[in-house]
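Asks: What follows is a structure written as C-alpha cells; I'll ask about it next.
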Amino acid sequence: MANIWNWLLSLLFLIGILVAAFKHKNRRQHRRKPPSPPGFPIIGNLHQIGELPHQSLWRLSKKYGPVMLLKLGRVPTLIVSSSETARQALKIHDLRCCSRPGLAGSKELSYNYLDIAFSPFDDYWKEIRKLSVQELFSTKQVHAIQPIKDEEVKKLIDSISESAYLKTPVNLNKTTLALTVSVVCRTAFGVSFEGTVLNSDRFNKLVREALEMLGSFSASDFIPYVGWIIDRFSGLQARRERSARDLDAFYEQMFDLHKERKKDGSEDFVDLLLKLEKEETVLGNHKLTRNHIKAILMNVLLAGIDTTAITMTWAMTELARNPRVMKKVQSEIRNLIGNREMITLDDTEQLHYLKMVIKETWRLHPTTPILLPREVMSEFEINGYTIPVKTRLHVNVWAIGRDPETWKDPEVFLPERFMDSDIDAKGQNFELLPFGGGRRICPGMYMGTTMVEFGLANMLYHFDWELSEGMAVEDIDVEEAPGLTVNKKNELLLVPVKY
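Using the numbering used here, the first residue of the sequence shown is number 47, and each one after it goes up by one.
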C-alpha cells in the first residue's frame, strides 16, 4: 500500500513539474522583445548614436517604431518616441521606472556628487525635492523674487538700448544666458557677479561645458573594462575632470562668500543648506553633507539657468524666421501694456498668444530633447512589448514634437495650433513634455515658465528686431549644439530698434 502511495505522489509531482514547465514556456513565448537595430559585438548600437543623439534616435525610430530597444555596449536601453508610449512609461508604469541610473561619466565629472543629485526615488530624494520646492520653486517664492527679476530685466533693457542707439547687433544667446544667470544666482545662490571674485563670462562657459559633458556618451559606462581607454584617448575624461574641478572651485568660492559677508538677517537657499549641514540634519536616510549641497546646487543649475535661456533664444530665433508671428505677438503685448515702462508678472497672465508661441517653441525645440534616463525596477509592458528589469529608459521628447501622428505639419512653426487647445506643459499632456512627467517632473516648472514669459514679453515690447545687414530670413539657421540641453549652435544676432 505504501509503495502505491509513493508511486502516486511521484506521479503527481512529475505532472506538477511538467505543467509548471509548460506554463513557463508559454509565458516566455508571450514575452515580446521590442524591435532592435542590428548591432556589433561589444559596442552594440553605440556606433549609431551621433553627435546629436535625439536626432539619431529619431531617425532609427522611423524604421523600428516608437518602442525601440538598443544595446549601448552592455546596457539595454529602451527609447520611446511617441506621446502614447510616453504616457505608458511616465503615467501608467511611472512607479516601476522612476529610479535613476548613474549618469555618463558621473564619477569623473562630479567627484561623486552627481550620483547623489540623480539618486533613486528614495526618501532622501523626496525630502530634497520638497525642500527645493518650498524654498525656491513654489508660487509664493516665485512672486517673492519678482523684484530681483524686475531689476535684472531693467538692466537687460538698458543694455539692449545702447545697442539700439549704436545700431549694432545683439548676441541673444549670450544676452538671455546672462539674464538667467543673474536672476538664478541672486535668488538661489545669493550671489551677484558684480563686485565679487566670480566672473560671469567664465561661469557661463563653465555651465555650457558641464552640460555638454553630461550629455556626452561615456564609453566607460557602456563598455566594461576597456571603455575608460576610449574616454582617455579621446580626451573626454580629461575634459570631464577639468569641468569637475571648475564646478567645485565655483561652489567653494560661493560658500566662502556666504561665510565672509555680513549678515543682514536674510537667509538665501545656500545659507539654509549650509545651516542644515552644520546641524548634521538627516534628510530621508542620509545625513546632509557638503557633497549633497553641491549636488542640489547642480540640479538648480541644470533646471534654472541654461534651460530658460535656451527657450528664450529659440523663441527669438523662430520669431525672426516668422515675421508674421513676430508682428502678431508684439501687437498683443503692446496693446495690453500701452505706454507703461515695464511689464509686470500679472500682465504676462493675459498674454495668451505669447504663451502659444512659447508652447510651440517647446514643441520644436525642447531644451532637454531626451529626458534624463530612468531605470526599470520591475518588469512591465509597453505596446505589448516586455520591458525587463535594469533596462535604461529614455523618452525622446524631440521626436514626439515632430511626430506626424500627433501634429499636423510638424516642421512648421505655428503657434495657432494651440488655440482652443487644452494641451499644456505641466506633464499631463504627453504630446508636450518640456519639463518631463510623472514623479520625476522638473520641480522648477513654474519658475522657469514665468521667467521665459517675463523676459520675452519685455524684449518684444521695448524693441523691434531686425536682421543684420545683408542677411535674409532664409539665412537664419536652426542648427543645434550638442549637450544634455540643446542650444542654438550658431549665435543669433539681431539688431534692436527702440519702440
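The C-beta atom is built at its ideal place from N, Cα and C for all residues, glycine as well. The structure presented is a predicted model; accordingly, all values stated were derived computationally and were not measured.
1) Just how far apart, CA to CA, sit G516 and T214?
2) Taking N337 as the reference, give the member of F301, L460, W360 with the closest Cα.
3) On a CA-only basis, which of E378, C488, L303 is nearest N504? Give me that one, please.
4) If you follow the beta strand (DSSP E) that S543 is part of, which residue opens it and which one closes it?
5) Can you say whether V458 is buried or exposed, counting buried as having 16 or more other CB atoms within 10 angstroms of its CB?
6) Kindly confirm or deny that the stretch 124-139 and the stretch 462-482 touch, where touching means at least three C-beta pairs closer than 8 angstroms.
7) Using CA coordinates, which residue listed in I95, G529, Y545, D455 is at the minimum distance from P546?
8) For S467 and P122, what's the separation of their Cα atoms in angstroms?
9) Would you identify the three-state DSSP class for M123, choosing helix, strand or coil?
10) In chain order, which continuous runs of the alpha helix (DSSP H) of length 4 or greater are located wholly inside the stretch 396-475?
11) Which residue marks the beginning of the beta strand (DSSP E) containing K117, and which one marks its end?
12) Does DSSP classify V216 as helix, strand or coil?
13) Would you mind stating whether L319 and I339 have Cβ atoms separated by less than 9 angstroms?
14) State the CB to CB distance for the pair Y399 and P461, rounded to an integer number of angstroms; the pair is presumed to be in contact (CB under 8 angstroms).
15) Cα separation between D267 and T357?
16) Looking at the unbroken beta strand (DSSP E) that takes in S513, where does it start and where does it end?
17) Contact defined as beta carbons within less than 8 angstroms: I believe R438 pairs with C144. What is the distance between those atoms, to the nearest angstrom?
18) What does a CB cutoff of less than 7 angstroms around L223 pick up in its chain, not counting 5 residues either side in sequence?
19) Where does M465 land, buried or exposed, given buried means 16+ other C-beta within 10 angstroms?
20) From the DSSP output, which residues share a beta bridge with E526?
21) Just to confirm before moving on: does the CB-CB distance between N442 and L103 stay below 9 angstroms?
22) Does DSSP classify L479 as helix, strand or coil?
23) For L329, which residues does DSSP report across the bridge?
24) Apart from the five residues just before and just after H304, which ones in its own chain have a Cβ nearer than 7 angstroms to its Cβ?
25) Identify whether R77 lies in helix, strand or coil by the three-state DSSP scheme.
26) Could you check whether the stretch 385-396 touches the stretch 188-204, counting it as contact only if at least three pairs of C-beta atoms, one from each stretch, sit closer than 8 angstroms?
27) Quick check: what's the CA-CA separation for S228 versus S238?
28) Measuring alpha carbon to alpha carbon, tell me which residue in V113, N91, L417, G85 is nearest T432.
29) Is F86 helix, strand or coil when you go by DSSP?
30) Give the secondary structure of S145 by DSSP, where H, G and I count as helix, E and B as strand, and everything else as coil.
31) Could you say which of A290, P83, I89, M497 lies nearest to P270 if we only look at CA atoms?
32) On a Cα-Cα basis, can you pick out the residue from I487, K374, A234, C231 that is closest to L141?
33) Figure out for me which residue from Q180, S424, W171, P412 has the closest Cα to the Cα of T495.
34) What alpha helix (DSSP H) runs, 4 residues minimum, are completely inside the stretch 162-202?
Replies: Quick answer:
1) 14 angstroms
2) F301
3) E378
4) For the sequence presented, residue 543 should be read as Val rather than Ser. That run of the beta strand (DSSP E) goes 539-544.
5) exposed
6) yes
7) Outside the displayed span of the chain (47 to 545) sits residue 546, for which this structure offers no information.
8) 37 angstroms
9) A small correction: the amino acid at residue 123 is Thr; Met does not occupy that position in the sequence shown. Of the three classes helix, strand and coil, the one that applies to T123 here is strand, per DSSP.
10) 398-410, 443-446
11) 113-118
12) strand
13) yes
14) 7 angstroms
15) 30 angstroms
16) Correcting the residue identity first, residue 513 is Leu in this sequence and not Ser. Where L513 is concerned, the enclosing beta strand (DSSP E) stretches over 509-513.
17) At roughly 13 angstroms, the Cβ-Cβ gap does not stay under 8 angstroms, so R438 and C144 are not in contact.
18) N250, A355
19) exposed
20) K534
21) yes
22) coil
23) H332
24) G236, V316, D317, L320
25) coil
26) yes
27) 7 angstroms
28) V113
29) strand
30) strand
31) I89
32) I487
33) P412
34) 169-178, 185-190
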